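In what follows, a single structure is set out as structure tokens and then discussed.
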Amino acid sequence: MPRYLIHSHDTYGLGHFRRCALIANGLTAADDDNEVLIVTGSPRAQSFRLGDRIDTVTLPSVTKDEAGSYHPRKLSGTTSQLVSLRAGLVAAAVEGFGPDVILVDHSPLGMGGELTDLIDGMAEAHGRPRLVLGLRDIVDEAAKVSADWHRDGVWERLEAFDQVLVYGDRNITTTACELGLERRLSTPVIHTGYVAPTMPEAHTDEPFILVTPGGGGDGQGLLRSVLEAIGDGATRGLRTVVVTGPLLSSRRRAELMAKADRLPSVELIEFTDSMRSLIASAAGVISMAGYNTVTEELAARVPALLVPRSFPRLEQTIRAQRLDPASDLQHTPLDQLDSATIARFVDSCATESVVRHSIDLGGVATAAGALTALARTGLAHADSARCEITRPAGTDHPTNRRIPSNV
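Here our numbering is used: the first residue of the sequence shown is 676, the next is one more, and so on.
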């Protein structure tokens, strides 16, 4: 029975787990024998429905301050101590579950290098699992990613991976293309297309505008600007559903709730497990430009106004700019989001109800197919389960590692 362990890089938002859950569901749909264990740091992983033969191991979580530095979310102690604890839990999950394939999402060495010892120890291990790196379409500015990878020892370990999956369309420039991964690595690099869900049918009794900042941890600027614009009449009295996201602080949520209470056309909620249905049913969506939200908007072909964040990285800004010529999605910087911009978008939703694009959204099936094929290349589950991971001497407690703030 093929087994897959997915290390889901979740430190702050919800996006990585959501994408990994889609791939996990794709794996179990591709083969009735496939089993998946997702190792995640997301504090809200249990809020998402997972299919049969998929389970999770939750790592101690972190939170991020306004400077972009990580700290333990609930436990006492230093971040380095938390990294050491997480590293031990990941290693135990690998040894206990015995995967045939390990998919490392987004961060090649995990948060703070929590996977470094595991990857180094597996380099010479007999019957080791296949290692796969999964990368978003856009990680950040390519020069910054390359510099970070040099600093953190990523480049020298990329050859340890048996495959790289890039969750983007080959016809839209990705960070992997800019870094020249296909040229620099002997490892196969596969552009899977965007990892998009099957969107539900639209169901609505009246048109509405949806506003979502994703997880919500850094979305207060977008939400505040939209509510102020609604107060100025920008949405023409159209019903507006605002989903703050579960990671918005209670103080900021209370401030926004006070604003929303004065706007009769606004319905403000914290979290819903029906977000895809809302996106599919909306007349238009005002959102940030995170990977999953944008992919769902493309899959639903719903008009969207993207308001990408530009700090602490330019990932969302770059994504919005590169999708612009390939689709009808609109975008504007947060500091230029005003009542007039929102009013124009709302008016356009009445005339352009469907977004036109030919972007590859087949990432779930392509990624699942590539991983399933890799599991069949001769690494039997029994060998994997017996594999002993050797830790490099002196690296059991990575307390001196710098904790990167890449999300």
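Heads up, the beta-carbon is just placed ideally off N, CA and C, and yes, glycines get one too. These figures come from a predicted structure and were not determined experimentally.
*Name the DSSP beta bridge partners of T887, please?*
S962
*At what residues does the alpha helix (DSSP H) containing Q991 begin and finish?*
990-998
*Within the same chain, show all residues whose beta-carbon is closer than 6 Å to that of E1063, passing over the 5 residues directly before and after it, in chain order.*
Here the model assigns E1063 a pLDDT of 45, short of 50, so the residue's position is not dependable and the matter cannot be decided.
*Within the same chain, show all residues whose beta-carbon is closer than 6 Å to that of L790, passing over the 5 residues directly before and after it, in chain order.*
L784
_Candidates A696, L725, D837, A1018, of which the one nearest D907 by Cα_ = A1018
*Give a single yes or no on whether D685 has its beta carbon closer than 7 Å to a heavy atom of the ligand MN.*
Absence of the ligand MN from the depicted structure is noted, as is the absence of any ligand whatsoever, leaving it without description.
*Going by the beta-carbon positions, is the gap between V732 and S683 smaller than 8 Å?*
no
*Would you check if the segment 925-945 and the segment 896-903 touch, i.e. whether three or more CB-CB distances between them fall below 8 Å?*
yes
*Start and end residues, alpha helix (DSSP H) containing Q721*: From DSSP, Q721 is part of no alpha helix (DSSP H); its letter is neither H nor E.
*For the alpha helix (DSSP H) that S956 lies in, which residues bound it at each end?*
950-956
*Considering only residues of the same chain and omitting the five flanking positions on each side of H691, which have a CB-CB separation below 7 Å?*
S683, H684, D685, D780, H781
*With 16 other CB atoms within 10 Å as the buried threshold, where does I698 fall?*
buried
*Round the Cβ separation of H825 and G843 to the nearest angstrom and send it over; I've been treating them as touching at under 8 Å.*
Their Cβ separation, rounded to whole angstroms, is 23 Å, which puts H825 and G843 out of contact at 8 Å.
*Are A1043 and L806 closer than 8 Å when you measure CB to CB?*
no
*Beta-carbon separation of E724 and T738 under 8 Å?*
A small fix is needed here, since residue 724 is Arg in this sequence, not Glu. Contact flag unset, no.
*Over what stretch of residues does the beta strand (DSSP E) that includes D683 continue unbroken?*
Sequence check: residue 683 is Ser here, not Asp. 678-683 is the span of the beta strand (DSSP E), which, as asked, contains S683.
*Between the Cα of M797 and those of M786, G959, E770, spot the shortest distance and give me the residue it belongs to.*
E770
*Using the beta-carbon count (16 or more within 10 Å), is F986 buried or exposed?*
exposed
*Pick out the complete alpha helix (DSSP H) segments inside the segment 735-797, 4 residues or longer, and give them in chain order.*
754-772, 791-797
*Can you tell me which of P872, Q996, R899, Q895 puts its alpha carbon nearest to the alpha carbon of T1041?*
P872
*Going along the chain, which residues of its own chain have a beta-carbon closer than 7 Å to the beta-carbon of V814, five neighbours each way excluded?*
V820, T850, E990
*Looking at the structure shown, is T850 part of a helix, part of a strand, or coil, going by DSSP?*
helix
*Specify the secondary structure class of S717 as computed by DSSP and reduced to three states.*
coil
*Kindly identify the DSSP beta-bridge partner or partners of L943.*
V917
*With a Cβ-Cβ cutoff of 8 Å, do F836 and L810 count as a contact?*
no
*asked:* Suppose you measure from the CA of R927 to the CA of T915; what does that come to, to the nearest Å?
replied: 19 Å
*Name the two residues that bound the continuous alpha helix (DSSP H) containing R826.*
817-827
_R1031 to T970 span [Cα, whole Å]_ = 14 Å
*Bridge partner(s) assigned by DSSP for H1006*: L981
_N- and C-terminal bounds of the beta strand (DSSP E) containing V1029_ = It is not in any beta strand (DSSP E) - V1029 carries neither H nor E in the DSSP assignment.
*Flag this pair as touching only if the segment 703-713 and the segment 753-766 have three or more C-beta atom pairs under 8 Å; answer yes or no.*
no
*Kindly list the residues whose CB is nearer than 7 Å to the CB of R951, restricted to its own chain and excluding five residues on each side of it in sequence; keep chain order.*
P872, M874, P875, E971
*Identity of the residue in T879, P804, L923 nearest D740 by Cα*: L923
*N-terminal and C-terminal residue of the alpha helix (DSSP H) that H801 is part of*: That residue, H801, is in no alpha helix (DSSP H); it is neither H nor E in DSSP.
*Classification of V941 by the beta-carbon crowding that lies within 10 angstroms, buried from 16 upward*: buried
*So, are the CB atoms of L840 and A704 less than 8 Å apart?*
no
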